[in-house]
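Going down the list, the sequences are from chains A and B. Residues in the first sequence are numbered consecutively from 1, following my numbering. Residues in the second sequence are numbered consecutively from 1001, following my numbering. Since the structure comes first, as structure tokens, the remarks are kept for the end.
2 protein chains.
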Amino acid sequence: MSAGAGPAGAAAAARPTSAELDARDPLAAYRSRFVGADDPAVVAYLDGNSLGRPVATVPARLAGFVEGAWGDRLIRSWGESWMDEPTRVGDRLGRVVLGAGPGQVVVGDSTSVLLYKLLRAAAAARPGRREVVVDRDNFPTDRYLVEGVAAECGLTVRWIEADPDGGVTVEDLAPALGPDTAFVLLSHVAFRSAHVADGAALTALVHDAGALVVWDLSHSAGSVEVALDAWGADLAVGCTYKYLNGGPGSPAFAYVRADLLPDLQQPLWGWMGHADPFAMGPGYEPAPGIRRLLTGTPPVLAMQPLQAMLDLLEEAGLPAVRAKGMALTEHAVALADERLAAYGVRLASPRDPAARGAHVMLEHPAFREVTALLWERGVVPDFRPPAGLRVGLSPLSTSFAEVERGVDAIAAALADVSSS
Amino acid sequence: MSAGAGPAGAAAAARPTSAELDARDPLAAYRSRFVGADDPAVVAYLDGNSLGRPVATVPARLAGFVEGAWGDRLIRSWGESWMDEPTRVGDRLGRVVLGAGPGQVVVGDSTSVLLYKLLRAAAAARPGRREVVVDRDNFPTDRYLVEGVAAECGLTVRWIEADPDGGVTVEDLAPALGPDTAFVLLSHVAFRSAHVADGAALTALVHDAGALVVWDLSHSAGSVEVALDAWGADLAVGCTYKYLNGGPGSPAFAYVRADLLPDLQQPLWGWMGHADPFAMGPGYEPAPGIRRLLTGTPPVLAMQPLQAMLDLLEEAGLPAVRAKGMALTEHAVALADERLAAYGVRLASPRDPAARGAHVMLEHPAFREVTALLWERGVVPDFRPPAGLRVGLSPLSTSFAEVERGVDAIAAALADVSSS
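Okay, here's the thing in structure tokens:
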């Protein structure tokens, strides 16, 4: 810790040091199981919520895949294993990460493409209802897709305004619902504030109005416990390149509750969603189960890295991962209070660690400039306009010392920017 | 060549042997640049048109990507290179493979998802026209997607019946076109017969009717010369895991002719198709160019293997690749005439090598059983119901001797099946 990095608060002595926190962290050893954890060029990686680090086994796993299933078994691998990869990996994601029983999760496409399919399916499942509900602070792709689907289906978008430092609550949502609500799209963890929405309560509220809820789990899956079956959720989608470490642009996942599957309709009638793809017969007949969400050939190569992360998550267990995520953000918030507040940095996330996911949003007018400086210095957070610096702390690959190095670097960059 | 494999024709002596053909093949050395070319477990790979072999540099390329751009540069790679990867690789595909100038090709999604976007865009570009045209022997996903888009847009599908051993000709298409035709979907190389459609003539015919043509290049790109700009084509889509060796489920590509881009509308309004994705502002505004076809985060990891194949294709040149593809199918047809015809095997592809792509379709009632036997014996063609055995000869990775081993193995399996 650099003595000149910022003013030290009186409470600092009472808190354990980063070294103490790392020493007592039951998950500390996982950090070495990622590529680049000891790379001296990366002083602190604070954006595991945008792009998780590669698991260390990934290069060998990919080489084995290229030389084995692809290069040696060749086309025979489709019958031997690949055709089932979207549902096999989906079932495992459901069990390890999503609280979802088998037959309800599939992997493929991008988050946005799967979300489009689910929104169209939700609109089709509530014919006659004319409104869709989404919050103004939801992730851009969510808002854009809702607007697009509403435009083509002749629906009206009803916007919720929630606390930007928090997220959508029951009180925010209730007035927006009614007999005309077709579906509601909500993020479980807000991409800016990290607010954790109440999955069970919000789902129940939407159901009381006879509508469907679509959950976007992109910023929670792999870091915050999700319980789709227990919530009674209808549809869900999420990203695998954040806390599931699938690599840039890795395939997404979608969930459809089992009892909704027989009637689920999505408009992208590709051969892989057909009941019998290789019959190649006339006329589209959707597969009976979750495979009807598929369209094109499953991205099997691109599904390999995330399976290496599922190995680690299964081994560690989501409760322990979540506990470490809360401890890491606690540490970040305490250090920010201690060393960044004097620069005018403001916390734009909930103060209660249980109410936020595994990232923390800080705000300061100079953060665009600060982020550029930090990236040059090997400290890598994310900038979110107009003034947000997002500190994303992937639980298995981040150490408490790394958090402190990051906060100190932010303080130093703020000092440099304000003196320049 | 096994003397007992089948009856030898009188013309056999006049043709060069496989060894002679390999010896004079200017592209023969490329075969060693693929994974598994000398794998003794693969006696003959006859399905390079379904799944191309990995290029030998792919394992190292992927490892370098995981440890470098992903593991070391982390999120910074988006700004440094990844955001432009869909158009950079697209432009290169356009130049090396598609005969398309820059700014018109993008890589991402699956073939079927991109095709959905293009079909919806085509329907939107011809409002008021009520018919869409497709041939009954087109690839299943093409037919299903046309039916789905027609259903949701209130259009009628007009089916063309072409020669199943050939493909759609000007004579087949002309009577199906009229003032009510919105768009026509055609495959450049037919997935069953390998018939090469006349890109320029069919495009001109569709344009005479004031309609748009959508080309599916999945079975030609990388093996048959394509000249999208010269044809005046409107829209095109294609697969990269066949003759572009991108690996199972690798991302697809789409082409939109430059002058159509400003008005092109597709309904999947994801953040990556936005004019300014990281502004994250309210309201969807499509990117001005080909990027408006994007929806979700580009599959950057999954785009790596196909770039290794583009290296080889650029080095060899498409004219030489096409010439070898014709020579390989000529050899396959001659050997089939000589050694398989006596078993009742029928050629279901054009006899003129210039009229077919880089695969050959053979038919025999026992081919389902024969294919299973061949796969066990390390000879890997594809079976297409009800009775088709497809011999796909990826020009850079296939030798003439391999074709002969394959044909002899088919003869031996036919003999075994008929005697069992």
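Glycine residues also receive a C-beta, built at the ideal position from the N, C-alpha and C atoms.
Burial is judged here by how many other beta carbons sit within 10 angstroms of a residue's own beta carbon; Val106/A has at least 16 and is buried.
In the structure shown, the three-state DSSP call for Val133/A is strand. For the pair Val391/A and Leu46/A, the Cα-to-Cα distance works out to about 5 Å. With fewer than 16 neighbouring CB atoms inside 10 Å of its own CB, Asp259/A falls in the exposed class. Around the CB of Ser1218/B, 16 or more other CB atoms lie within 10 Å, so the residue is classed as buried. Taken atom to atom, the span from the alpha-carbon of Gly246/A to that of Ala1415/B is near 48 Å. In its chain, beyond the 5 residues on either side, no residue has a beta carbon closer than 7 Å to the beta carbon of Met1083/B. About 7 Å separates the CB atoms of Ser349/A and Asp165/A; that is less than 8 Å, so the two are in contact. Residues of the same chain with a CB within less than 6 Å of the CB of Phe1400/B, apart from the 5 flanking positions on each side, are Ser1018, Leu1021, Asp1022, His1331 in chain order. By the criterion of a C-beta distance shorter than 7 Å, Leu1118/B is surrounded in its chain by Val1214, Leu1235, Val1237, Ala1254, once the five residues flanking it on both sides are discounted. C-alpha of Trp78/A to C-alpha of Thr156/A: approximately 43 Å in a straight line. Within chain A, the C-beta atoms nearer than 8 Å to that of Thr1297/B come from Ser110, Thr111, Ser112, Cys239, Tyr241, Pro248, Gly249, in chain order. Remark: C-beta atoms of Gly1317/B and Asp1229/B do not approach each other more closely than 8 Å. Pro385/A has a beta carbon lying within less than 8 Å of a beta carbon in chain B. The beta-carbon of Val1058/B is placed less than 8 Å from the nearest beta-carbon of chain A. At a cut-off of 8 Å, the C-beta of Ser1050/B has a neighbouring C-beta in chain A.
Counting the other CB atoms within 10 Å of its CB gives Asp142/A a total of 16 or more, which places it among the buried residues. Residues of chain B whose Cβ lies closer than 8 Å to the Cβ of Glu147/A are, in chain order, Trp1269, Gly1283, Tyr1284. In the DSSP assignment, Leu235/A falls outside any alpha helix (DSSP H) and lies within the beta strand (DSSP E) extending over 235-238. Taking the Cα positions, Met303/A is about 6 Å away from Pro251/A. Look at the beta carbons and you see the segment 395-409 of chain A not touching the segment 1352-1371 of chain B: under three pairs across the two are nearer than 8 Å. The alpha-carbon of Arg322/A is positioned some 14 Å away from that of His195/A. The continuous beta strand (DSSP E) containing Ser187/A extends over residues 181-187. Taken through DSSP and simplified to helix, strand or coil, Met361/A comes out as strand. At a cut-off of 8 Å between beta carbons, Ile1075/B contacts chain A. Checking the DSSP bridge columns, you'll see Asp1022/B has no partner listed. For a cut-off of 8 Å, the C-beta gap from Val168/A to Asp135/A is around 5 Å, short enough to register as a contact. Beta-bridge annotation (DSSP): Leu1212/B is paired with Phe1183/B. In the structure shown, Val1226/B falls within a coil segment according to DSSP collapsed to helix, strand and coil. Only buried fits Val1042/B, as 16 or more other CB atoms lie within 10 angstroms of its CB. In the three-state reduction of the DSSP assignment, Ala44/A falls in the strand class. Closer than 7 Å at the C-beta level to chain A, one finds these residues of the segment 1115-1142 of chain B: Tyr1116, Pro1140, Thr1141.
Note that the C-beta distance between Arg1292/B and Gly1270/B is not below 8 Å. Distance between Ala14/A and Glu338/A, taken at the CA atoms: about 12 Å. With at least 16 other beta carbons inside 10 angstroms of its own, Pro277/A counts as buried. Taken through DSSP and simplified to helix, strand or coil, Tyr116/A comes out as helix.
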